[in-house]
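Engineer: For the sequence shown, the working numbering assigns the number 30 to the initial residue and increments by one for each residue that follows.
For each residue, glycine too, the CB sits at the ideal point set by N, CA and C.
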Amino acid sequence: MKLDTAFMIERIPDFIQAALLTVEIATIVIASSLLIASIYNVILYNRVPILTMLVRIHVEIARNTPLLIQLFFLYFALPSVGIKLSNYDTAIIAMTFLGVGYLTEVIRSGIDAVPTDQEESGLAIGLSRAQLFRYIILPQALRISTPALFANFIFLLKETTVVSAIAIPEILYTTTNYIALYYKTYEMLLMMTAIYLLLFLPLSCLLSWVERRYQHGTIGT
30 MKLDTAFMIE
40 RIPDFIQAAL
50 LTVEIATIVI
60 ASSLLIASIY
70 NVILYNRVPI
80 LTMLVRIHVE
90 IARNTPLLIQ
100 LFFLYFALPS
110 VGIKLSNYDT
120 AIIAMTFLGV
130 GYLTEVIRSG
140 IDAVPTDQEE
150 SGLAIGLSRA
160 QLFRYIILPQ
170 ALRISTPALF
180 ANFIFLLKET
190 TVVSAIAIPE
200 ILYTTTNYIA
210 LYYKTYEMLL
220 MMTAIYLLLF
230 LPLSCLLSWV
240 ERRYQHGTIG
250 T
């Protein structure tokens, strides 16, 4: 088998653009998911009536339905009731919906792992529940949850491949599109693999380094 290297070189800019779009979507999704998941855990920690139930419903739906189904519901079902979203907005909303479900549970498990005497000590020195959560519970919960959080960040980055189903020109969509147009299957698959490795391996190493530093309390020193 002889690879068409000239064709592969020509398509490098297209794959770089697809990779940048993939990273952009993943970054927005991770940031928004982490923010909303933190808010959800404030609601859960304070057992806010009605809102607590709504949060749990969101978490269960997000974690027990495939991302592809969520995408199709937003992209194809909502227009029937007059709500039309672009494919980009659909991808962001659907992936954030999924990410919030997973990250909420990760942070919640970290909060549950914080020793109860920490809470009792905080209340004993006169901290309010808000101060207790902000300064004592949440920082420790995030440190405990760091490995699971980082694993879910990588998971969300990998899940960007699913949004190719609604014609988002990320890496997988670009690959399958060029295979269909030019029948350069091996070349495109090789480029796709190389791009994903270049994305995931450095990110995985970086997150592992940050995790080790954070777990040992050396971030910022």
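1. Any contact between the segment 113-125 and the segment 138-156? By contact I mean 3 or more CB pairs, one from each, below 8 Å.
2. Between L80 and S67, what straight-line distance do the alpha-carbon atoms span, to the nearest angstrom?
3. Tell me which same chain residues have a C-beta within less than 8 Å of the C-beta of F36, skipping the five on either side of it?
4. In the DSSP assignment, find the alpha helix (DSSP H) that holds P198 and state where it starts and stops.
5. Quick one: what does DSSP say P168 is sitting in, helix, strand or coil?
6. Taking only three categories from DSSP, how would you classify R242?
7. Go ahead and pull the three-state DSSP assignment for K31.
8. So, using beta-carbon positions, are L167 and S62 closer together than 7 Å?
9. With H, G and I counted as helix, E and B as strand and the rest as coil, what does DSSP make of G249?
10. With the cut-off set at 7 Å, would you say L100 and I197 are in Cβ contact?
11. If we count Cβ pairs, one from each stretch, closer than 8 Å, do we get three or more for the segment 155-174 versus the segment 87-100?
12. Using only the alpha-carbon positions, how far apart do A55 and F102 sit?
13. Mind checking whether I84 and Y69 have CB atoms under 7 Å apart?
14. Return the CA-CA distance between T140 and K187, expressed in angstroms with no decimal places.
15. Which residue's Cα is closest to the Cα of T203: I45, L32, G155, D33?
16. Determine the burial state of R163: buried for a count of at least 16 other Cβ atoms within 10 Å of its Cβ, exposed for fewer.
17. Within 10 Å of its beta-carbon, does F126 have 16 or more other beta-carbons around it, so buried, or fewer, so exposed?
18. On a Cα-Cα basis, can you pick out the residue from I183, V192, A106, A153 that is closest to L236?
19. Determine the extent of the alpha helix (DSSP H) in which G111 is found, giving its start and end residues.
20. Use the C-beta contact count for S138: other C-beta atoms within 10 angstroms, 16 or more gives buried, fewer gives exposed.
21. My understanding is that A47 touches I200, with C-beta atoms under 8 Å, so please give their C-beta distance in whole angstroms.
22. For N181, tell me which candidate among A159, M124, V143 has the shortest Cα-Cα distance.
Structural biologist: A quick look at the data gives this:
1. Three or more Cβ pairs closer than 8 Å define a contact, and the segment 113-125 falls short of that threshold against the segment 138-156.
2. For the purposes of this step, residue 80 is taken as residue 51 along the sequence shown, with counting starting at 1. For the purposes of this step, residue 67 is taken as residue 38 along the sequence shown, with counting starting at 1. Annotation: L80 to S67 spans about 14 Å, alpha carbon to alpha carbon.
3. As a working note, residue 36 is residue 7 in the sequence shown. The beta carbon of F36 is closer than 8 Å to those of Y211, K213, E216 in its chain, skipping five residues each way along the sequence.
4. Here the question's residue 198 lines up with position 169 in the sequence shown. Unbroken run through P198: none, as it is neither H nor E.
5. Residue numbering aside, residue 168 sits at position 139 when the sequence shown is read from its first letter. The answer is helix: DSSP assigns P168 an H, G or I state.
6. What you label residue 242 is simply residue 213 of the sequence shown in a count that begins at 1. Three-state result, R242: helix.
7. Taking the sequence shown and counting its residues from 1, one reaches residue 31 at position 2. Coil.
8. In the sequence shown, residue 167 corresponds to position 138, counting from 1. In the sequence shown, residue 62 corresponds to position 33, counting from 1. No; because the gap between Cβ atoms is not below 7 Å, this pair is not in contact.
9. Along the sequence shown, read from residue 1 onward, the residue named residue 249 stands at position 220. Here G249 scores only 46 on pLDDT, less than 50, and its place in the model is too uncertain to base an answer on.
10. Residue mapping note: residue 100 aligns to position 71 of the sequence shown, counting from 1. Residue mapping note: residue 197 aligns to position 168 of the sequence shown, counting from 1. Taking 7 Å as the Cβ cut-off, L100 and I197 do not qualify as a contacting pair.
11. A contact is defined here as three or more CB-CB pairs under 8 Å, and the segment 155-174 fails this definition with respect to the segment 87-100.
12. Translated into the one-based positions of the sequence shown, residue 55 becomes position 26. Translated into the one-based positions of the sequence shown, residue 102 becomes position 73. Spanning the two alpha carbons is a distance of roughly 20 Å.
13. Here residue 84 corresponds to residue number 55 of the sequence shown, with the count starting at 1. Here residue 69 corresponds to residue number 40 of the sequence shown, with the count starting at 1. A quick correction: the sequence has Val, not Ile, at residue 84. Taking 7 Å as the cut-off, the beta carbon of V84 is found closer than this to the beta carbon of Y69.
14. Taking the first residue of the sequence shown as position 1, residue 140 is located at position 111. Taking the first residue of the sequence shown as position 1, residue 187 is located at position 158. The question names Thr, but residue 140 in the sequence shown is Ile. Computed Cα separation, rounded: 27 Å.
15. As a working note, residue 203 is residue 174 in the sequence shown. Scanning I45, L32, G155, D33 for the CA closest to the CA of T203 turns up I45.
16. For the purposes of this step, residue 163 is taken as residue 134 along the sequence shown, with counting starting at 1. With fewer than 16 other Cβ atoms within 10 Å, it is exposed.
17. By 1-based counting over the sequence shown, the position of residue 126 is 97. Answer is buried; the Cβ neighbour count reaches 16.
18. Looking up residue 236 in the sequence shown gives position 207. The candidate whose alpha carbon is nearest that of L236 is I183.
19. Position 82 of the sequence shown, counting from 1, holds the residue named residue 111. Counting along the chain, G111 falls outside any alpha helix (DSSP H), and DSSP gives it neither H nor E.
20. Against the sequence shown, residue 138 aligns to sequence position 109. Classification for S138: exposed.
21. Translated into positions along the sequence shown, residue 47 becomes position 18. Translated into positions along the sequence shown, residue 200 becomes position 171. Right, their Cβ atoms sit about 5 Å apart.
22. Stepping through the sequence shown from its first residue, residue 181 is reached at position 152. When the alpha-carbon of N181 is set against those of A159, M124, V143, the nearest one is in M124.
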